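J.: Residue numbers (our numbering): 25 to 305.
I am attaching a structure below and will ask some questions about it afterwards.
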């Protein structure tokens, strides 16, 4: 007969709870076994598992009586060993009620592009959402999780970066399904081109002749060079609407870019209004 100690490992936390620790992390026991067998056991089996699925609950207290966890320990002993006595009567376990929710990940990234380079499409996030598990008072109001700050300077090529999820110190009891996300994006070289587009006046009465000054406006486009080569001024439509004059006199007509082709990174008018005169026919 010999007295020895086992380190306790608590496993199988019940769904909806978070394990917060136990009163005992070590268990002193008396075993009966051959000397060599016991020596070998001490070296190879110094840890035993305590299954929390067998824990009992009274109010907010969780506990495992000796008669319950004793059977768990005995199942983990060699068949040639006998468990004679256990020093601890009851194991008390701390468990916190939790909920889980899936929330999107928002990258906290500052992207600085090299000259004439731009993001080609959206930055991809993998995974784009994660599951957080914690007490309702901690995570009820959380709608999104962010990454740690990442600065990417002078980008001129596609990139892929792994960045940690930011974990607020206020979320002491919250667990995250993922601790990192991967950010990827394509970078392309862009060029600029200016198109001179005739201003189209719309919804003016048939008995009124309108002239704008100027009668054309420059449209500035940014896109891949290959895309720019296929564009013409006729692909754009800029209008000045008579409806602006119905609410009172105005010295200028506001311009609207009504039509533009797809596949452009950006497009804008170099001026947003023009002067005009009206003449009755």
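From the three backbone atoms N, C-alpha and C, an ideal C-beta is built for every residue, glycine too.
All values reported here derive from a predicted model rather than from experimental measurement.
Can the beta-carbon of residue 81 be found less than 9 angstroms from the beta-carbon of residue 114?
T.: For the pair residue 81 and residue 114, the CB atoms are not nearer than the 9 angstroms cut-off.
J.: Specify, as a first and last residue, the run of the alpha helix (DSSP H) that residue 160 falls within.
T.: 160-163
J.: I need the DSSP call for residue 254, collapsed to helix, strand or coil.
T.: coil
J.: Checking 9 angstroms against the spacing of the C-beta atoms, do residue 222 and residue 300 come in under that value?
T.: no
J.: Buried or exposed, going by whether 16 or more other CB atoms sit within 10 Å of the CB of residue 190?
T.: exposed
J.: What ranges does the alpha helix (DSSP H) occupy inside the stretch 101-160, keeping only unbroken runs of at least 4 residues that lie completely in it?
T.: none
J.: Return the CA-CA distance between residue 83 and residue 164, expressed in angstroms with no decimal places.
T.: 23 angstroms
J.: State yes or no: is the C-beta of residue 108 within less than 9 angstroms of the C-beta of residue 55?
T.: yes
J.: Going by beta carbon distance, what residues of the same chain come within less than 7 angstroms of residue 167, once the five residues before and after it are set aside?
T.: 127
J.: Kindly identify the DSSP beta-bridge partner or partners of residue 206.
T.: Looking at the DSSP assignment, residue 206 forms a beta bridge with 150, 186.
J.: On the DSSP bridge assignment, give the partners of residue 237 in chain order.
T.: 299.
J.: Report the residue from 274, 286, 268 whose alpha carbon sits nearest the alpha carbon of residue 280.
T.: 268
J.: For the putative contact between residue 72 and residue 32, defined by C-beta atoms under 8 angstroms, what is the C-beta separation to the nearest angstrom?
T.: 6 angstroms
J.: Verify the contact flag: residue 296, CB atom, against every heavy atom of the ligand SAH, threshold strictly below 8 angstroms.
T.: Ligands in the displayed structure: none, and consequently the ligand SAH is not present.
J.: By how many angstroms is the C-alpha of residue 28 removed from the C-alpha of residue 51?
T.: 8 angstroms
J.: State yes or no: is the C-beta of residue 243 within less than 9 angstroms of the C-beta of residue 262?
T.: yes
J.: Could you check what DSSP says for residue 249 in three-state terms: helix, strand or coil?
T.: Reduced to three states, the DSSP call for residue 249 is helix.
J.: State yes or no: is the C-beta of residue 252 within less than 9 angstroms of the C-beta of residue 213?
T.: No, the pair does not count as a contact, with Cβ atoms beyond the cut-off.
J.: If we count the other Cβ atoms within 10 Å of its Cβ and call it buried at 16 or more, is residue 302 buried or exposed?
T.: It is exposed - the Cβ of residue 302 has fewer than 16 other Cβ atoms within 10 Å.
J.: What residues in its chain sit with their C-beta under 8 angstroms from that of residue 241, if we drop five residues either side in the sequence?
T.: So the qualifying residues of the chain are 220, 221, 223, 262, 279, 293, 294, 295, 298.
J.: In three-state DSSP terms, what is residue 77?
T.: helix
J.: By how many angstroms is the C-alpha of residue 239 removed from the C-alpha of residue 247?
T.: In this structure, the straight-line span from the alpha carbon of residue 247 to that of residue 239 is close to 26 angstroms.
J.: On the three-state DSSP scale, how would you describe residue 98?
T.: helix
J.: Suppose the cutoff is 6 angstroms on Cβ atoms and the five residues either side in sequence are ignored; what does the same chain contact list for residue 290 look like?
T.: 246
J.: Apart from the five residues on each side of it in sequence, which residues of its chain come closer than 8 angstroms, Cβ to Cβ, to residue 211?
T.: Sequence-distant partners of residue 211 (beyond 5 residues in either direction) whose C-beta falls short of 8 angstroms from its own C-beta, in its chain, are 137, 141, 142, 143, 144, 179, 180, 181, 182, 183.
J.: Go ahead and pull the three-state DSSP assignment for residue 305.
T.: coil
J.: With C-beta atoms as the reference, is residue 42 less than 9 angstroms away from residue 147?
T.: no
J.: Using 10 angstroms around the beta-carbon of residue 67, count the other beta-carbons present and answer buried if the total reaches 16, otherwise exposed.
T.: In this prediction, residue 67 has a pLDDT of 47, which is less than 50 and means its spatial position is unreliable; nothing more can be read from the coordinates.
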